[in-house]
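J.: Quick note: the sequence shown, position 94, residue 120 per the numbering used here, numbers continuous. Backbone N, C-alpha and C fix where the C-beta goes; we use that ideal spot for every residue, glycine too.
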Amino acid sequence: MSAHHRTCFDQYSNNFLQVSSQLLRSSLTSERSAPIRQALKLWRTSILLSIAGLAGGLGNFAFQGMIARHLEKSEWGYVSSTLAFVSFLGLPLAIVSTALVHYIAHFQAANDEARLQGLLAGSRNFLLKITFAVSLLAALLLHPLSQFFHFPRSSLMLVAFSCVLLGLWSGFATTLFQGMAWFKRMALVGLVAVAMRLAFGWIMTSKYPTAEMAVSATTFSLLANLALFYWWKDIFKGGVQISPWNAEFFNYLLITTAFVGGTYFFTQGDLLVAQRYFGNNMGSYTAAGLLGRALTMVVAPFLTVLFTSRSGHKSGQAVIDQKILLVLYAAGLTLGSLVLILFRELLVKLIFGKTDPQAAQMVGPFGVTMVFIGLIQAIGTWALASRRHKLTILYGALGVAYWLGLLAIGKEPNQLLTVMPIGGGVAFVILGAAWLLPLRRESQEYPSC
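(1) What's the C-alpha gap between residue 84 and residue 111?
(2) Report yes or no: do three or more beta-carbon pairs, one from the segment 367-387 and one from the segment 323-343, lie closer than 8 angstroms?
(3) Where does residue 53 fall in DSSP's three states?
(4) Could you tell me the alpha carbon to alpha carbon distance between residue 192 and residue 248, rounded to whole angstroms?
(5) Could you give the residue range of the alpha helix (DSSP H) that holds residue 528?
(6) Quick one: what's got a C-beta closer than 6 angstroms to residue 410's C-beta in the same chain, skipping five residues either side?
(7) So, for residue 10: in the same chain, excluding its five sequence neighbours on each side, which residues have a beta-carbon less than 6 angstroms away from its beta-carbon?
(8) Nearest to residue 90 by CA position, among 395, 313, 361, is which residue?
(9) For residue 173, count the other beta carbons within 10 Å of its own beta carbon; 16 or more makes it buried, fewer makes it exposed. Which is it?
(10) Quick one: Cα of residue 399 to Cα of residue 463, how far?
(11) How far does the alpha helix (DSSP H) with residue 308 in it reach, from first residue to last?
(12) Where does residue 438 fall in DSSP's three states?
(13) Beta carbon of residue 348, beta carbon of residue 332: below 8 angstroms?
(14) Tell me which same chain residues have a C-beta within less than 7 angstroms of the C-beta of residue 125, skipping the five on either side of it?
(15) Pick out whichever of 238, 430, 129 has its Cα sitting closest to the Cα of residue 100.
(16) Have a look at residue 383 and residue 403 and give me their C-alpha separation to the nearest angstrom.
(17) For residue 220, which residues in the same chain have their Cβ closer than 8 angstroms to its Cβ, ignoring the five residues on either side in sequence?
(18) State the CB to CB distance for the pair residue 396 and residue 322, rounded to an integer number of angstroms; the pair is presumed to be in contact (CB under 8 angstroms).
(19) Among residues of its own chain, excluding the 5 on either side of residue 406, which ones have a beta-carbon nearer than 7 angstroms to its beta-carbon?
(20) Taking C-alpha atoms, which residue in 218, 186, 162, 170 lies nearest to residue 104?
(21) Output needed for residue 389: all residues of its chain with C-beta closer than 6 angstroms, excluding positions within five of it in sequence on either side, in chain order.
(22) Have a look at 444, 216, 159 and flag the residue whose alpha-carbon is nearest the alpha-carbon of residue 194.
(23) Three-state secondary structure (DSSP) at residue 283?
(24) Using a Cβ-Cβ distance cut-off of 8 angstroms, determine whether residue 424 contacts chain D.
(25) Below 8 angstroms on the Cβ atoms is my guess for residue 291 versus residue 449; work out the distance and round it to an integer in Å.
(26) Give me, in chain order, the residues of the same chain whose beta-carbon lies closer than 7 angstroms to that of residue 230; leave out the 5 immediate sequence neighbours on both sides.
(27) Report all residues from its chain with a CB closer than 7 angstroms to the CB of residue 119; omit the five preceding and five following residues, and keep chain order.
(28) How should residue 440 be labelled, buried or exposed, when 16 other C-beta atoms within 10 angstroms of its C-beta is the threshold for buried?
(29) To the nearest angstrom, report how far apart residue 218 and residue 250 are at their CA atoms.
(30) Please report the straight-line C-alpha distance between residue 121 and residue 215, rounded to a whole angstrom.
(31) Rounded to the nearest angstrom, how far is the Cβ of residue 113 from that of residue 294, given a contact under 8 angstroms?
(32) Rounded to whole angstroms, what's the CA-CA distance from residue 168 to residue 350? Just pull it up for me.
(33) What's the C-alpha gap between residue 188 and residue 116?
(34) Please name the residue, chosen from 357, 454, 165, that lies closest to residue 328 on a Cα-to-Cα basis.
(35) Express the C-alpha separation of residue 179 and residue 94 in angstroms, rounding to a whole number.
(36) Is the distance from the Cβ of residue 176 to the Cβ of residue 319 below 8 angstroms?
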């Protein structure tokens, strides 16, 4: 192993499970064992985040079950569609944040402390300006978009806007956490947010059983990201500011737009379609969607680690570790779908406190769809971190095409659930072929990678 790779490894390992790394260094000290140590840290971090993600997912599932018992079925359906609308309005900042995470992780892995600190200092002011601009844009688009998607009340949109604003500012913290590879801290903050959401939701929806109160619980939970200020000095250590806004960053930002937009339309776009066409009859559909989307949410930490790792390491042992992460992600996704389909009636009953045959019937198509969507998302994450621009653009284009297909055809729940697995399967075949063929040629040309 070269000195450059050892330096990258040491810097990378210092940001992954510091206590575990000390134990591993004492038992694995030879040069030949360095790839093993790196693999163990990467996998252990992924598993730790997945366990935290599972705990967070169970907490969110408990939250949904709780408010489903407090709210009428139509009101409960509005909660999920409103939160999807909030995510839609926050897409511009999500695009910028994802691009910054890539560059922060790249300098972190390269052990380039001067450029890292300069970028962090410059990004702080840059993110603040972007957040102000996106907040203004969200205010301008709130009314026309709410009319298009047929949201019923202005009070619901007011609560949604407050969630958008706080979500934009909390996204600043999330960007820095991920870029610095502070995955343990991310997991801790995430669990605290789940607890805050449960407590607020229980108290407020018991007294005021409306969708507004349930959405406000999510807004309140975002305050957990204020924990960033506790570690503020660990991030910003001074240095000359480096503005991220240059030609290279602008080009990468355009590619990131395709990725973030595609991810949204694949994973949450159907909720906006349902809100537009189903109105107050989307309670059963929302329950099936909640269970289906839980598949990708539980294993999403694998992609979080993959993106940060791939952004900084694109050769050697790291590539093998990243491919193993993809295999573990796919295995978790497939296993989760089987559990979901087998126990769908029980899971639906846990949400509503009673059986709902219509919702249970919808879980099957949703489970199949989300397996395809999850695999597509993994390929898109790999492509963006690897700077495979054409593949990332294809990912975004397929996401938009998928959503437009849902919008054109899915005017009834059975129509929407028919086109979703078909569209997801077709998109996976197209994107998978575009991803694997170049990888196969690269492995033949560069067998050492």
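T.: The short version:
(1) 23 angstroms
(2) no
(3) Any reading at residue 53 is ruled out, since the residue's pLDDT is 35, under 50, leaving its predicted position unreliable.
(4) 7 angstroms
(5) Nothing about residue 528 can be read from this structure; the chain reaches only from 27 to 475.
(6) 285, 418
(7) Lying outside 27 to 475, the shown extent of the chain, residue 10 is not represented and no answer is given.
(8) 313
(9) exposed
(10) 20 angstroms
(11) Counting along the chain, residue 308 falls outside any alpha helix (DSSP H), and DSSP gives it neither H nor E.
(12) coil
(13) yes
(14) 275, 278, 279, 282
(15) 238
(16) 30 angstroms
(17) 81, 82, 85, 86, 89, 247
(18) 6 angstroms
(19) 285, 288, 289, 418, 421
(20) 186
(21) 314, 317, 370
(22) 159
(23) helix
(24) Looking for chain D here will not work: only one protein chain is present.
(25) Actually they are not in contact, since the Cβ atoms of residue 291 and residue 449 sit about 11 angstroms apart, beyond 8 angstroms.
(26) 239, 242, 243
(27) 156, 157, 160, 194, 197
(28) exposed
(29) 6 angstroms
(30) 22 angstroms
(31) 6 angstroms
(32) 42 angstroms
(33) 12 angstroms
(34) 357
(35) 20 angstroms
(36) no
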